[in-house]
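Report on one structure; see the data block that follows.
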Amino acid sequence: MTATTPTTDLAVQATGVGKVFPTKAGDVAALTEVELEVKAGEFVSLIGPSGCGKSTLLRLIADLDQASSGELTIFGKPARRARIDQDYGIAFQQAGLLPWRTVAANIGLPLELHKVGKAERDARVAELAELVGLTDFVDRYPDQLSGGMQQRVAIARSLAARPKLLLMDEPFGALDEMTREYLQGELTRIAAETGAAVVFVTHSIPEAVFLSDRVVVMSPRPGRITDVIETGLGEVRDEALRESPAYFEKVTAVREALHGTKVERANER
Amino acid sequence: MTSGRAQGGAARRWVPVAWGAAGIVAVALLWELYKFVGPSEGVVIGQVEGEAGSGVLILPRTHDRAMPHIWTMIGRLFEPTSGGSTPPLFVSVAQAALLSLGIAAVGWLIGVAVGMLLGLVMQRWKLLEWGLLPWIVVSQIVPLIAFAPVVNAIGNQIDRGGTPWPQWLSVAVIASYLAFFPVAVGVLRGLEAPDRIHLDLMRSYAAGYWPTLLRLRLPASVPHLLPALRLAAANAVLGAVVAEVSIGMRGGIGRMLIQLAGQASSDPAAPWGPMFGSIVLGLIAAGSVALIGLGLKNYRRGEATA
Amino acid sequence: MSAALPSWLRVVSPIAVGLLIVVAWTLYVQFGDAPRALPSPIAIGQEFVLRWGIIWDDMLVTGTNAAIGLTVGAVLAVILAGLAAAWRPVDGMLAPLVAALAVIPIVAITPILNTMFGASSQFGRAAVATIAAFIPVFVNVLRGLRQTRPVHRDVMRASAATSAQTFRMLTLPTAVPYLMTGLRVAGSLAVIAALVAEYFGGPSDGIGTSIATYAKSGRAALAWAYVGGGILIGLVFFLVTALLERLVTRHAPA
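Residue numbers (the numbering used here), protein chains in the order written: chain A, 1 to 269; chain B, 1 to 306; chain C, 1 to 254.
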């Protein structure tokens, strides 16, 4: 679906983006003055406490909500155009699989919506099932799968239209630690194989550091970006990295950025 | 994401009322419109040529005897019930509706008591649930009019035996037969509604059956109980109206409806009086139960609107 | 306490309760002073077998009225619920009317329908069954059409689905289990309504009319045999609709 070559090498460009939600008690500023650039193929995490607007920002990029102010372009197009052209794939914390469809039919949903022929669709679904390691489960229904497997189906679905941008809203948030670490490894592999840029929302510091090229630190009331940290951990993201000093150093850096001060009594936790 | 700014609470409360009124006006307009444009003898499909009475009438006849004007129906309410110096129709309708409402209320109380008891014992002992629930479900497809003569006969027998058993009590018992079912099922479901973790919590406090029932199961059952009580009220009204007709008890709205419908060819607007009466009766019964719900507001947080 | 119960009790206990009822009933009629209106189950069974022919004929009349009511009522309910879900004004006008319809004794309109359509017409009865079946289907379908989960709506929007596609692939499948629940409730109601409506006049056939006639003329056993016929109709409607529901809701969201 993304035959159009990017007119710019910026996957996401946000300038002065703000979002205001009207509530009974008055308007609430969920996001203010967000400046963010995500390069093609880059992996960027958004991290921060609840209410910092990280999910809101992701939903603006996905055109699920509209920005109240500022300008937001995806591969140089307005967000709405990018959504209609299927320039991005998205996965949420809940897998959001349709319970009456098989795994294969769920993965193929976006293709079916855009009238991709059956033969081509089947081939692509088989390829994606292989990619996320679910080839033996394509005929199952979502209720027959574990949470981790459901999430892998959701990731496969987000990749269906070969997007150059992946948007992920805490996709591993509801999973246990082992499954989570395994899927993190899988995701870095998939992102490298497809060459897609990723915007990844999380509230886990180790997760953000392990996955990302850059970690964007956000803060609430009003939601805004307070810091951006380059991890500089290179291409290879394997289990050895999780125990390297460079990794711990970046985890500490992100933690300090989140707390706004140096964390002095780190050994108490 | 509704359009427009937030309105004041009082103004917003009138919006559904206004829509409802618009709906009623629409129905009334449709009635008069059809009466105006529809053929006098109605619309018949599948009629065989030259054979009178064949075919199926799918749209009603529109002459004044079949479909009186709405203003005729309303006007009729203020004319004497059956000519001469009898009270206006609306007075008779109100009296009959009140009698039926009273009987339905007694039936509702009996039904709620029986239903709650059944729900409680079925929740307490699984074996009783397995044994009784299928029969409770089946009981609702037994045509209740079948019981009317039996209940009436048993009632007369008791009455002759010395204990007074007025006829209206038989009607109430039949009404309770329809009313108990939603309560029994609703209480059972409600008592089993608490989450596993809440039950585990009570267990960890070493709370026995009764404390668990009082502090957890009963409060948790309220969202299931209220719709059940409402349904029971509607059923009790239906049961009372049908049982009156079937036993032949005088004075109630059901009986009045049958009587006036019998004279419809000479007085077509008359049966509409008791029909409006039965509508008001049903609304009052359901509305009274809704008042109970207001008192239990705190137990209904997170309740799905039913 | 419930953990210890073996599963065969699940089948045996209702049968035991049923037998208990029948035995107690028989003994009451045999040895107690039961009213004449309550004959023994044996006498009822004999009449049922003996008069099966005429009972079946009347079962067809009542069953047809109920089936017409269920079908027409369900179709009307689905159409109107669709309109109500799409347009707020329709919802605003219908919601109070349906809420009122649900609590009033609908059979009360039978005499009036008989006047409008003629006393020889089954229309009044079928129409009452239609209204009775309409209410639960309408309420459930309307609720079902509003049950799509936010995450599913986000998925459809993020996939740039058209509103027609979203309706066909998300809204409709989400509502189907609700439709089935509505149909199951409506099935039993349609039978009861069709049967009770016969008590309010109309042609002299049908299960309800027969029960009334024979109960009045003192042939209690035959009247009860007709009650058995009514139960059979109710059971058929209940089983068919319950089976449909079971089939459709296999992969419904929990």
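Note that beta-carbon positions come from the ideal geometry of N, C-alpha and C, so glycine has one too.
Query	Result
Just list the residues that DSSP pairs Thr162/C with in beta bridges.	Its beta-bridge partners do not exist; DSSP assigns none.
Which value, in whole angstroms, describes the spacing of the CA atoms of Arg265/A and Pro49/A?	Reliability of the predicted coordinates at Arg265/A is poor, the pLDDT of 48 falling under 50, and the value obtained from them is presented with this limitation in mind. One C-alpha to the other measures close to 20 Å.
When you compare only the Cα positions, how much space is there between Gln123/B and Ile136/B?	14 Å
Could you name the residues of chain C that Arg196/B contacts, counting a contact when the two beta carbons are closer than 7 Å?	Ordered by position in chain C, no residue passes the 7 Å Cβ test against Arg196/B, which lies about 14 Å from the chain.
Mind pulling the chain C residues with CB within less than 9 Å of Pro110/A?	Val155, Ala158, Ser159, Ala160 and Ala161
Leu233/A by DSSP, collapsed to three states: which one?	coil
Give the straight-line distance between the Cα atoms of Ser158/A and Ala246/A, rounded to the nearest whole angstrom.	31 Å
Exposed or buried, what is Ile68/C when buried is set at 16 or more other beta-carbons lying within 10 Å of its beta-carbon?	buried
By the criterion of Cβ-Cβ separation under 9 Å, what are the contact partners of Val151/C in chain A?	Phe92, Gln93, Gln94, Ala95 and Gly96
Would you check if the distance between the CB atom of Ala175/B and the CB atom of Gly239/B is smaller than 8 Å?	yes
For Leu258/A, which of Asp213/A, Pro206/A and Glu243/A has the nearest alpha-carbon?	Pro206/A
Tell me which residues share the same chain as Thr181/C and place their Cβ nearer than 7 Å to its Cβ, disregarding the 5 neighbours each side in the sequence.	Asn140 and Glu245
Where are the alpha helix (DSSP H) runs, 4 residues long or more, that stay fully inside the segment 142-201 of chain C, in chain order?	150-158, 163-166 and 172-197
Taking the alpha carbon of Pro60/B as the point to measure from, which residue in Gly295/B, Ile74/B, Val44/B and Gly75/B has its own alpha carbon closest?	Val44/B
Taking the alpha-carbon of Thr15/A as reference, which of Thr32/A, Asp9/A and Thr23/A has the nearest alpha-carbon?	Thr32/A
Is the CB of Ile247/B under 8 Å away from at least one CB in chain C?	no
Helix, strand or coil, according to DSSP, for Leu36/A in the structure here?	strand
When the Cα atoms are used, what is the spatial distance from Pro163/A to Thr194/A?	9 Å
Would you report the Cα separation of Leu101/B and Leu281/B, rounded to the nearest angstrom?	7 Å
Using DSSP with H/G/I as helix, E/B as strand and the rest coil, what is Lys77/A?	strand
Quick check on Val103/A: buried or exposed, where buried means 16 or more other Cβ atoms within 10 Å of its Cβ?	buried
Return the CA-CA distance between Met156/C and Pro203/C, expressed in angstroms with no decimal places.	54 Å
Mind listing the chain C neighbours of Ile258/B? Cutoff is C-beta to C-beta under 7 Å, in chain order.	Pro111 and Phe200
What separation, rounded to the nearest whole angstrom, lies between the Cα atoms of Pro80/B and Val121/B?	53 Å
What alpha helix (DSSP H) runs, 4 residues minimum, are completely inside the segment 46-112 of chain A?	54-61, 79-84 and 103-107
Give the residues from the segment 25-36 of chain C that approach chain B closer than 9 Å (Cβ to any Cβ), ordered along the chain.	Asp33, Ala34, Pro35 and Arg36
Along the chain, which unbroken stretches of the beta strand (DSSP E) at least 3 residues long are found entirely within the segment 66-116 of chain B?	none
Using only alpha-carbon positions, find the residue among Gly23/B, Thr86/B, Val173/B and Ser266/B that is nearest to Asn152/B.	Val173/B
On the CB-based measure, 16 or more other CB atoms within 10 Å of its CB, does Gln167/B come out buried or exposed?	buried
Establish whether the CB of Ala62/A and some CB of chain C are separated by less than 8 Å.	yes
Please name the residue or residues paired with Ala29/A in a DSSP beta bridge.	Val20/A
Once you ignore the five residues that flank Ser45/A on each side, which residues in its own chain have a CB closer than 7 Å to its CB?	Phe200, Thr202, Ala208, Leu211, Ser212, Val215 and Val216
Assign Phe137/A to one of three DSSP states: helix, strand, or coil.	helix
May I ask you to list, following chain order, the residues of the segment 119-153 of chain C that have a beta carbon less than 9 Å from some beta carbon of chain B?	Ser120, Ser121, Gln122, Phe123, Val139 and Arg143
If the cut is a Cβ gap below 7 Å, which residues of chain C does Ile84/A touch?	Ala160
Rounded to whole angstroms, what's the CA-CA distance from Thr231/A to Lys250/A? Just pull it up for me.	6 Å
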